[in-house]
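Engineer:
There are 2 protein chains.
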Amino acid sequence: MVTMLDVSREAGVSSATVSRVLTGSAEVEPATRMAVLAAVEKLGYRPNLVARGLRRQASQVIALIITDIENPFYTAVCRGVEDSARLAGYSVILCNADRDIEKEREYLRVVEDQNASGVIISPANARRTDISNLLARRLPVIAVDMALDSATGSVLVDNKDAGALATDHLIGNGCRRIACVTGPAENATAADRLEGYFRAIAKAGLTKERDLVVYANYMEDGGYEATKRLLKLKKRPDGLFVTNNRMTVGTLRALQEAGVAIPDDINVIGFDELPWALELHPHLSLMRQPAYRIGQEAARLLIDCIRKENTAQHIVLDAELVTRDRQPSRQPRNKPSKPSRS
Amino acid sequence: MVTMLDVSREAGVSSATVSRVLTGSAEVEPATRMAVLAAVEKLGYRPNLVARGLRRQASQVIALIITDIENPFYTAVCRGVEDSARLAGYSVILCNADRDIEKEREYLRVVEDQNASGVIISPANARRTDISNLLARRLPVIAVDMALDSATGSVLVDNKDAGALATDHLIGNGCRRIACVTGPAENATAADRLEGYFRAIAKAGLTKERDLVVYANYMEDGGYEATKRLLKLKKRPDGLFVTNNRMTVGTLRALQEAGVAIPDDINVIGFDELPWALELHPHLSLMRQPAYRIGQEAARLLIDCIRKENTAQHIVLDAELVTRDRQPSRQPRNKPSKPSRS
DNA sequence: TTGTAGGCGTTATCAC
DNA sequence: GTGATAACGCCTACAA
Chain A
1 MVTMLDVSRE AGVSSATVSR VLTGSAEVEP ATRMAVLAAV EKLGYRPNLV
51 ARGLRRQASQ VIALIITDIE NPFYTAVCRG VEDSARLAGY SVILCNADRD
101 IEKEREYLRV VEDQNASGVI ISPANARRTD ISNLLARRLP VIAVDMALDS
151 ATGSVLVDNK DAGALATDHL IGNGCRRIAC VTGPAENATA ADRLEGYFRA
201 IAKAGLTKER DLVVYANYME DGGYEATKRL LKLKKRPDGL FVTNNRMTVG
251 TLRALQEAGV AIPDDINVIG FDELPWALEL HPHLSLMRQP AYRIGQEAAR
301 LLIDCIRKEN TAQHIVLDAE LVTRDRQPSR QPRNKPSKPS RS
Chain B
343 MVTMLDVSRE AGVSSATVSR VLTGSAEVEP ATRMAVLAAV EKLGYRPNLV
393 ARGLRRQASQ VIALIITDIE NPFYTAVCRG VEDSARLAGY SVILCNADRD
443 IEKEREYLRV VEDQNASGVI ISPANARRTD ISNLLARRLP VIAVDMALDS
493 ATGSVLVDNK DAGALATDHL IGNGCRRIAC VTGPAENATA ADRLEGYFRA
543 IAKAGLTKER DLVVYANYME DGGYEATKRL LKLKKRPDGL FVTNNRMTVG
593 TLRALQEAGV AIPDDINVIG FDELPWALEL HPHLSLMRQP AYRIGQEAAR
643 LLIDCIRKEN TAQHIVLDAE LVTRDRQPSR QPRNKPSKPS RS
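Residue numbers (the numbering used here), protein chains in the order written: chain A, 1 to 342; chain B, 343 to 684.
(1) Going residue by residue through the segment 31-88 of chain A, where are the continuous alpha helix (DSSP H) segments of at least 4 residues, counting only ones entirely within it?
(2) On the premise that residue 459(B) lies in contact with residue 436(B), defined as a C-beta separation below 8 angstroms, what is that separation, rounded to the nearest angstrom?
(3) When DSSP builds the beta bridges, which residues end up paired with residue 143(A)?
(4) So, is residue 132(A) buried or exposed, given that buried needs 16 or more other C-beta atoms within 10 angstroms?
(5) For residue 343(A) versus residue 268(A), is the C-beta distance shorter than 8 angstroms?
(6) Over the uninterrupted beta strand (DSSP E) stretch that includes residue 538(B), give me the two end residues.
(7) Can you tell me whether residue 354(B) is buried or exposed, with buried defined as 16 or more other CB within 10 angstroms of its CB?
(8) Would you grab the beta carbon distance between residue 2(A) and residue 21(A) for me? Rounded to a whole angstrom, and I think it's under 8 angstroms.
(9) Do you know how far the Cα of residue 582(B) is from the Cα of residue 606(B)?
(10) Excluding the 5 residues flanking residue 338(A) on each side, which residues of the same chain have their C-beta closer than 6 angstroms to its C-beta?
(11) Relative to the C-alpha of residue 256(A), which candidate in 196(A), 288(A) and 284(A) has its C-alpha closest?
(12) What does residue 462(B) touch in chain A if you count any residue whose Cβ is under 7 angstroms from its own?
(13) Taking the alpha carbon of residue 212(A) as the point to measure from, which residue in 219(A), 112(A), 53(A) and 197(A) has its own alpha carbon closest?
(14) Taking the alpha-carbon of residue 121(A) as reference, which of 161(A), 151(A), 112(A) and 246(A) has the nearest alpha-carbon?
(15) By Cβ distance, which residues of its chain are closer than 8 angstroms to residue 502(B), with the 5 residues on each side in sequence left out?
(16) Could you pull the start and end residues of the beta strand (DSSP E) that residue 3(A) belongs to?
(17) Rank 366(B), 530(B), 381(B) and 429(B) by C-alpha distance to the C-alpha of residue 465(B) and give the top, closest one.
(18) Using DSSP with H/G/I as helix, E/B as strand and the rest coil, what is residue 183(A)?
(19) Is DSSP giving residue 95(A) helix, strand or coil here?
(20) From residue 427(B) to residue 525(B), what distance separates their C-alpha atoms?
(21) At least one CB of chain B closer than 8 angstroms to the CB of residue 46(A): is that the case?
(22) Please identify, using Cβ separations under 7 angstroms, the residues of the segment 551-579 of chain B that lie next to chain A, in order along the chain.
(23) Using the beta-carbon count (16 or more within 10 Å), is residue 491(B) buried or exposed?
(24) Find out if the Cβ-Cβ distance for the pair residue 50(A), residue 396(B) is shorter than 8 angstroms.
(25) Taking the alpha helix (DSSP H) that residue 662(B) falls in, what are its first and last residues?
(26) Between residue 665(B) and the rest of its own chain, which residues show a CB-CB distance below 6 angstroms, the 5 nearest in sequence each way excluded?
(27) Residue 591(B) by DSSP, collapsed to three states: which one?
(28) Mapping DSSP to helix, strand and coil, what is residue 356(B)?
(29) Here's a check: name, in chain order, each residue in its chain whose Cβ is nearer than 7 angstroms to the Cβ of residue 10(A), leaving out the five neighbours to either side.
(30) Mind listing the chain B neighbours of residue 91(A)? Cutoff is C-beta to C-beta under 7 angstroms, in chain order.
(31) If we define contact as Cβ-Cβ less than 8 angstroms, is residue 59(A) a contact residue for chain B?
(32) Residue 75(A) versus chain B: which residues are under 8 angstroms apart at the beta carbon?
(33) So, at 7 angstroms on beta carbons, what are the nonlocal neighbours of residue 14(A) in its own chain, with the 5 sequence-adjacent residues on each side left out?
(34) Between residue 672(B) and residue 176(A), what straight-line distance do the alpha-carbon atoms span, to the nearest angstrom?
(35) Ordered along the chain, which non-local residues of its own chain (more than five positions away) have a Cβ less than 6 angstroms from that of residue 714(B)?
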């Protein structure tokens, strides 16, 4: 391994000067500067980032703790983070916490121990995720996907608005019995989307029916079961808002098995992209979060915080309604002429 | 920050003793050992992995360089790597090289500079991916998904066999004009799958037709275009082997747009899972690689190599045929009564 | 069994 | 502008 000492000898200067040239931390005579750079080139020297990290007490590494690496929303976030970090010269340690608060805690420790310079996290739980140790070390923490009170900054969409918009869309399509398949009750993001749903329902003067809201686990099987339950109701819903992408897959399967057609028998709107299924399901609408951009912005913000070029910010991006409806080919079977007041 | 020195003072011993207790590198009097552990506990001490890494010249970090983080095959590999690494106390730096040899090279440098202890890589290109620097540093490198001559070890499926099996399956279903949508010509893995296809075609006594093989880019749009091209042939194929998952999505869309039904009009077999689309496409068969297990084994093997508990190995896992056929509801329109000899 | 001391490769603080 | 030198936190000869 080529060290700075080798370079300094080759260039006939001290290692301090080499360091100055390489980091630009002080002025150096142009001639010596050239000599140093030549030596660096000749020997193929590259700084040892571990030694640098130890000395500077700061690495060129950020950590990304995500909820579910098999969910395309998070992989897109991940890509955004990575691209953005790379441009700034940072590497990314990826941690997949799996919605598991213990696993997340373990990873938060690793992050500290590895001396990462900052963290981007999609918290497992808004209340229980504990980043106080990181903050005590003055490490910036940026929350994505779910708000975290104590975070240094965040990049989120307004999930209440998004939930309301999604529901409005169904209402606009003439739906009057709109069901919602939502995430775990303790999930703050899911709760926001559900609140938006309720808001829209209320605004439209529709009745809030307990049976029309089903809590599930944010996974395919949860969406499947929830949808089956909804289809068993005496009065079937004519609209369905599913609050995440993996559950939407389950919903689509349940509908297919039951022979319920979109949009003829029911209107459906999902949340987040289904890169694979979507191409094959032309009449599914959805609320799309700008996942890649969320990642990009989070990394940019984090690195600004690390460099202290920026005070913390809370960035709110817009979720976008992707409409892919077509007119139903016949009258939906559950659509009453007036809003039901049951 | 709590250092070893703090612990040593608290316990009334030297820092060397603390180190010995913590690393188990030498016997320590049970009493002092207890005192040290008590002090560690009391102060909440945790070793600084950066300092340790500098001193030991080896980190607890491995790098994972993958081809495409938006491809569920690789995310599953990634998950396997991560779970397995975590159990062994290693962290994972994730690098998404995007099939881009330059980006890959950049990441290979980062890996060196960050002093990772080893690398798992799905190479961008079997010939051009250059890991000689890593090997010169005696860092183990495990190849997955694509073989790499110089790699320390590898975890792969036999892609030739898998390609042949997939094709055999179509033949077994009665297909006689079987097309193949394959990956970029310079992609060794794609080439293997194609070779397997040719082998099966030859073995069955079918003719090898140039028009029936289309090279594409391993992405959705490539699969889409390739399939459209195949559908325009005067004599349409009655079977189709698509050599990766993202292209299969494009294929499905093209078939859908053209009103070509599976399996009535054409038999299709894909490669690797389509977690989302598959549930909605019940009659698509596929060759499934054990992606999660590939990742797991790769990490295990790598860590064994790092610890020198194991010499290099080349592990070959089986790809599995997932049959989801049903009998066509009517006679396929392109199926000749005898193998065509055009 | 335990302590002392030196060094891993860099950078920051002094002098000069 | 440049060069010694110490220090980042840990591990490991070597000595006791």
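Just so you know, even glycine gets a beta-carbon here, dropped at the ideal spot from N, CA and C. Since the model is a prediction, treat every value here as computed from it, not as a measurement.
Structural biologist: Looking at the coordinates:
(1) You should have 49-56 and 72-87.
(2) Between residue 459(B) and residue 436(B) the Cβ distance is about 15 angstroms, and since that is not below 8 angstroms, they are no contact.
(3) Paired residues: 121(A) and 154(A).
(4) Using a 10 angstroms sphere on the CB of residue 132(A), the tally of other CB atoms stays under 16, which defines it as exposed.
(5) This structure cannot speak to residue 343(A), because chain A is shown only from 1 to 342.
(6) Where residue 538(B) is concerned, there is no enclosing beta strand (DSSP E), although the alpha helix (DSSP H) it sits in stretches over 530-545.
(7) The residue is exposed, with fewer than 16 neighbouring Cβ atoms inside 10 Å.
(8) Contact between residue 2(A) and residue 21(A) fails: their C-beta atoms lie close to 15 angstroms from each other, not under 8 angstroms.
(9) Across the structure, residue 606(B) and residue 582(B) are spaced so that their CA atoms are roughly 13 angstroms apart.
(10) Any answer about residue 338(A) is weak, because its pLDDT of 37 lies below 50 and its placement is not dependable; what the coordinates show is given next. Cβ contact annotation for residue 338(A) (same chain, cutoff 6 angstroms, sequence separation greater than five): none.
(11) Ranking 196(A), 288(A) and 284(A) by Cα distance to residue 256(A) puts 284(A) first.
(12) Chain A residues near residue 462(B): none, gap ~13 angstroms exceeds 7 angstroms.
(13) For residue 212(A), the nearest C-alpha among the options comes from 197(A).
(14) Considering only alpha carbons, the answer is 151(A).
(15) If we look at residue 502(B) and ignore the five residues flanking it on each side, its Cβ neighbours are 534, 535, 537, 538 and 541.
(16) Element bounds for residue 3(A): n/a, residue is neither H nor E.
(17) For the set 366(B), 530(B), 381(B) and 429(B), the Cα lying nearest the Cα of residue 465(B) is the one of 530(B).
(18) Note: residue 183(A) maps to coil in three-state DSSP.
(19) Correct three-state label for residue 95(A): strand.
(20) Going from the Cα of residue 427(B) to the Cα of residue 525(B) covers about 31 angstroms.
(21) At least one chain B Cβ lies under 8 angstroms of residue 46(A).
(22) For the segment 551-579 of chain B, no residue has a beta-carbon sitting nearer than 7 angstroms to a beta-carbon of chain A.
(23) Result: exposed.
(24) A contact, by the Cβ cut-off of 8 angstroms.
(25) Where residue 662(B) is concerned, there is no enclosing alpha helix (DSSP H), although the beta strand (DSSP E) around it starts and stops at 662-664.
(26) So the list reads 627, once near-sequence residues are dropped.
(27) Looking at residue 591(B) - three-state DSSP - the assignment turns out to be helix.
(28) Annotated three-state conformation of residue 356(B) is coil, per DSSP.
(29) Within the same chain, residue 10(A) has close Cβ partners 39, 42 and 43.
(30) Those are 435, 452 and 456, listed as they occur along chain B.
(31) Judged by the 8 angstroms Cβ criterion, residue 59(A) is in contact with chain B.
(32) The contacting residues are 411, 412 and 417.
(33) Same-chain partners within the cutoff: 8.
(34) Interpretation of residue 672(B) is limited by its pLDDT of 42, a score under 50 that renders its predicted location unreliable; no figure is taken from the coordinates.
(35) For residue 714(B) there is no data in the structure shown, the boundaries of chain B being 343 and 684.
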